[in-house]
Amino acid sequence: MSKPVAITMAGRRAANNQIRGPQSALTDFLASNNISAAQISADYERRQREARRQQEQESTANGESIDQKDDEERVETAAQKKKRKRQQEKTLAKIKESKDYKRQKKRKDEGSDGENDDVAWDMYTRRKPLPGQLENCENCEKRFTVTAYSKTGPDGGLLCTKCSKEQEDQKKKDQKSKKQAVSRDKRRHVQSNLLDGIVQIGSRTLQELCIKEVANNIHEVEEFGDLPQSLLNRLSQILSRRRVITSRTLELFLRPDLETIDIYDCGKLETEDYIKIFSVVPKVQNLNLRNAGQFKDEVVDYIIERNVPLRILQLEAANLVSNGKWAEFFENCGLRLETLKLSWLDYSMDEDTFMCLIRHCPNIKRLKMKKCFRLGDVALGVMTELRQLEHVSLRFPTATTPGVLADLISSVGPGLRTLSLEGFSDADDDALSMIHSNCTQLSKLRFTENDCCTDVGFASLFTNWSNPALAFIDFSSNRSVDYAVPDGPEDPVGLASGGFEALIRHSGSRLERLDISSCRHITYESFSRVFDGKQQYPVLKDINISFLTKIDTSIVAGMFRSCPELIKVTAFGCFNVTEVAVPKGVALIGVPNAQDAIVQEGEVDADVWNGLTM
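In the UniProt record's numbering, the protein residues as written are 1 to 614.
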C-alpha cells in the first residue's frame with residue numbers, strides 16, 4: 001500500500017516543481033470565472049458553420065448558389081488560377097506588412113502564454129474579410145466580393161463599389177463646402193482688418209507670421225526677451241486690438257533697459273499696474289497709454305517721487321487725475337517735457353491747470369489737446385507764450401472766438417511744421433489768411449469740420465503761398481450745412497472747385513495723402529480736370545473721397561492713371577462707382593455697388609502697406 005502512495009506523492013511533487021511563465025490577464029480572467037477556452041472555440045466554430053449555412057441559403061434564394069460558383073471556378077484555366085493565387089499571396093503579404101497586423105501580432109506574442117489565449121484573442125478581435133471573400137455591404141446590404149480596394153464604412157464595415165463611390169463623392173463635396181466657408185470667413189476677416197487700416201494686402205512676411213503666432217499664444221508666453229522696440233510696438237497694437245492687455249501680459253512689455261512704453265488699450269489695467277511700469281522701467285522717457293481710465297493721482301505721485309525722466313507723455317482718458325495733481329506734475333517735471341498729448345479729459349484739465357502747464361513747460365515742441373472739454377478761448381490765448389512749438393494739434397468741443405484762433409496762428413505760425421485744427425466750426429477766412437501769411441514751414445495741414453470759410457479763402461491760401469508743397473492735407477467736412485440747399489449757395493462755402501484746384505497746383509507734386517471727404521461742393525468738371533490721366537502726381541499714395549456723390553467710375557479710373565504710386569482709395573458713399581478695374585497694388589475700399597464687378601489685377605506689397613497704415 002505504501003508504494004502507490006509514494007508514486008502519487010512523486011507525481012504531485014513533479015507537478016508542483018514545474019516552472020510556469022507569467023499568465024496574461026485574459027487567461028487569469030477565464031480561469032477565475034471557470035470559462036473553458038476549448039468550449040469557447042467549439043461555440044465559435046458552431047456559430048461559423050451556422051453563418052455559412054445561412055449564407056448558402058440566401059445565395060440559393062438569390063440565384064447565386066455555391067454549386068454554380070464552384071462550377072465557374074472549375075472551368076477557369078490553370079493560368080487564371082495561378083494568377084489568382086499570386087494576387088492573393090501579394091495581398092496577404094501586404095496585409096502582414098501593415099502596422100496594425102504587426103502591432104496585434106506583437107501584442108499576442110508578448111501577452112500570451114499558450115494556445116488558449118490565441119483562441120480567445122481571435123474571438124474578441126474583429127477581422128476584416130480577406131480579398132476574394134463575400135461580404136454584405138454596410139449601407140445597402142448587397143453581397144459583393146471583397147477586394148484590396150474595398151472601402152470602410154462609418155461603422156467599420158465594408159462597402160460595395162457603388163456605395164464606396166458615393167462616400168468618396170460626399171467627402172469631396174463636404175471638403176469643398178468647408179473650403180468655401182473658410183474662404184468667405186477669410187475674406188470677411190481681411191476686409192474688416194482693411195477697414196481698420198492695420199493689415200496689409202498680399203502675403204505676410206515671415207516676421208508678421210511670427211508676430212501673429214506669438215499673439216495667438218500670448219497666454220503661454222513667459223517673456224519676449226530682447227525684442228526690438230518696433231516689434232514690441234507691433235505686438236502691443238495687435239494685443240490691444242484684441243483687448244487682452246492684462247496685468248500678466250503687461251509684464252511681457254516691461255524691461256529695465258527700455259525707454260519707450262506703448263500700450264494702446266489699458267482698459268483692463270489697475271492703478272497698481274501703472275505703478276509697476278515705472279518701478280520695472282525706471283528710465284522710461286516715452287510713455288504712450290491709451291484708454292488709461294485707472295491712471296490716478298497715486299501714479300502721478302510715484303512719478304514725482306521717483307523723478308521719472310519723462311520727455312514724451314501721451315495719455316488718453318486719464319480722467320481720474322485731479323487738477324491739483326496735474327499742476328504739481330507740471331511744476332516738478334515740466335522742464336523735461338518736450339511732447340505732451342492729452343485727449344478725452346472730461347473735467348480733469350481746466351483752464352487754470354492749462355495756464356500752469358504753459359508756465360512750467362517752456363520746452364514743449366509738440367502739443368496735442370483733443371476733447372478736453374473745459375478748454376476754450378483762455379487756453380488758446382495763453383498758448384501764444386509757447387515760442388518753441390513746432391507741432392500743434394487742437395480739437396476743443398466748446399465754441400471759440402475766431403479772432404483768438406487767428407492770433408494764435410499769427411504768434412506760433414512761423415515755427416510750425418505741422419498744424420491740425422479740428423472742429424473749429426466758427427473759424428473764418430481770417431484763420432486761413434493767417435496760415436498763408438505766417439506758416440512757411442508746414443508739411444502737414446489739417447483743417448476740418450468748418451462751415452464758415454469760403455472757397456475763395458481756400459483758394460487764396462494756396463495762391464502764391466511761400467510754404468513748400470505739403471505732403472499731408474486733410475480738409476474733410478468743409479462744406480455748407482444748409483441741407484435745404486444741397487449744392488450750396490451761389491458763392492461756395494467750404495472747399496469747392498476753386499480751392500481744390502489751387503491746392504493741387506500748389507502741392508500736387510509732393511502730396512502723399514489727401515482727404516477731401518464730404519467736401520460735396522467740388523464739381524464733377526473740376527475732378528475731371530485734376531484727374532484726367534495726363535497730369536501726374538508722382539508720390540500720392542492715399543486718397544479719401546468718401547461721400548462725394550458726383551464721383552463716378554471714370555473719375556476713379558482717372559485717379560489710377562494720374563497717381564502711379566497710389567495704394568489706397570477710400571470711397572464710401574460713392575454710389576456712381578459701379579465697375580472698375582483696380583490696378584496692381586491698389587486697395588479700393590467702401591464701394592458696395594462695385595464689389596461684384598471689381599477686377600483686382602494685383603496685390604499691395606506688404607512693406608509698402610505697413611508703411612502707409614502705421
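Note that CB positions come from ideal geometry on N, CA and C, so glycine has one too.
Beta-carbon gap between residue i and residue j smaller than 9 Å
| i | j | result |
| --- | --- | --- |
| F396 | L416 | no |
| S480 | D515 | no |
| A431 | L389 | no |
| L335 | C372 | no |
| K550 | F527 | yes |
| D265 | R306 | no |
| I473 | S517 | no |
| H219 | R248 | yes |
| F462 | S393 | no |
| H391 | R374 | no |
| G153 | Q175 | no |
| L231 | I211 | yes |
Close Cβ partners of residue i (< 8 Å) along its chain, the five nearest in sequence each way excluded
| i | result |
| --- | --- |
| A215 | L235, I238, L239 and R242 |
| N319 | G293, W344, L345, D346, Y347 and S348 |
| G457 | D428, D429, L432, S433 and G499 |
| G376 | E351, F396, T398, A399 and T400 |
| L612 | With a pLDDT of 42 at L612, under the threshold of 50, the predicted position of this residue should be treated as unreliable, though the coordinate-derived value follows. Counting only Cβ-Cβ distances below 8 Å, and skipping sequence neighbours, we find K541, D542, I567 and K568. |
| T454 | D429, D491, P492, V493 and G494 |
| R74 | Bear in mind that the predicted position of R74 carries a pLDDT of just 47, short of 50, making it unreliable; the figure below should be weighed with that in mind. Same-chain partners within the cutoff: there are none. |
| K178 | none |
| D482 | G488 and P489 |
Option in the options with minimal Cα separation from residue i
| i | options | result |
| --- | --- | --- |
| F330 | I473, R143 and P309 | P309 |
| R143 | Y149, T161 and P154 | T161 |
| T440 | C574, T418, E223 and I522 | T418 |
| S410 | H506, I435 and L421 | I435 |
| A327 | Y274, D350, R529 and V281 | D350 |
| N288 | R387, S203, S177 and Y274 | Y274 |
| E135 | L159, D155, V281 and A148 | L159 |
| L258 | L206, S476 and N233 | N233 |
| R561 | P538, A148 and T152 | P538 |
| S150 | C140, E141 and K165 | K165 |
| S509 | P468, L269, S247 and K296 | P468 |
| P282 | I261, G533 and D552 | I261 |
| C163 | E138, T145 and E223 | E138 |
| K85 | G132, Q39 and R47 | G132 |
| A471 | G153, T463, K444 and D487 | K444 |
| residue 617 | Y44, R52, C140 and A148 | In the structure displayed, the chain extends from 1 to 614; residue 617 sits before or after that span and is not available. |
| G533 | Q48, N323, G558 and K212 | G558 |
Whole-number beta carbon distance between residue j and residue i, since they are thought to touch under 8 Å
| i | j | result |
| --- | --- | --- |
| T271 | V244 | That pair is no contact at about 20 Å. |
| T339 | L315 | Not a contact, Cβ separation roughly 12 Å. |
| L252 | V221 | 6 Å |
| I304 | N332 | 5 Å |
| I364 | V382 | Contact flag wrong, Cβ pair sits at about 13 Å. |
| L503 | R520 | About 16 Å separates the two Cβ atoms, so there is no contact after all. |
| L421 | F447 | 5 Å |
| K368 | K325 | Not confirmed; about 20 Å, so no contact. |
| P414 | N438 | 6 Å |
| E449 | S425 | 6 Å |
| V321 | F295 | 6 Å |
| V412 | L442 | Contact flag wrong, Cβ pair sits at about 12 Å. |
| C574 | V586 | Going by Cβ atoms, the distance from C574 to V586 rounds to 15 Å, so no, they are not a contact pair. |
Neighbourhood of residue i by C-beta distance below 7 Å, restricted to the same chain and skipping five residues each side
| i | result |
| --- | --- |
| G540 | Note on residue identity: the sequence assigns Leu, not Gly, to residue 540. For L540, where only same-chain residues beyond five positions count, the Cβ hits under 7 Å are L511, E512, L514, C563, E565 and L566. |
| D246 | For the record, residue 246 in the displayed sequence is Thr; it is not Asp. Contacts found: K268. |
| Y302 | I275 and F278 |
| V378 | E351 |
| R42 | Contrary to the premise, residue 42 reads as Ala rather than Arg in this sequence. Contacts found: none. |
Own chain, CB closer than 6 Å to residue i, minus 5 neighbours either side, in chain order
| i | result |
| --- | --- |
| V556 | V577 and V580 |
| L250 | D273 |
| S497 | I522, T523 and S526 |
| E64 | The predicted model places E64 with a pLDDT of 49, which falls under 50 and marks its position as unreliable; any figure quoted below should be read in that light. Once the five neighbours on either side are set aside, E64 has no close Cβ partner at all. |
Note down, one range per segment and in chain order, each alpha helix (DSSP H) of at least 4 residues found wholly within the stretch 352-422.
-> Counting only runs of 4 or more residues that sit fully inside the stretch 352-422, the alpha helix (DSSP H) segments are 377-382 and 402-412, in chain order.
If you scan the stretch 289-338 from start to end, which runs of the beta strand (DSSP E) of 3 or more residues do you find wholly inside it?
-> DSSP assignment within the stretch 289-338 yields the following whole beta strand (DSSP E) runs of 3 residues or more, N-terminal first: 312-316.
What are the complete alpha helix (DSSP H) segments, minimum 4 residues, inside the stretch 447-494?
-> 455-462
Write down every uninterrupted run of the beta strand (DSSP E) in the stretch 136-186 whose length is 3 residues or greater and which is fully enclosed by it, in chain order.
-> Here the runs fully enclosed are 143-145.
Can you list, in chain order, the stretches of the alpha helix (DSSP H) that have 4 or more residues and sit fully within the stretch 232-299?
-> 247-251 and 271-280
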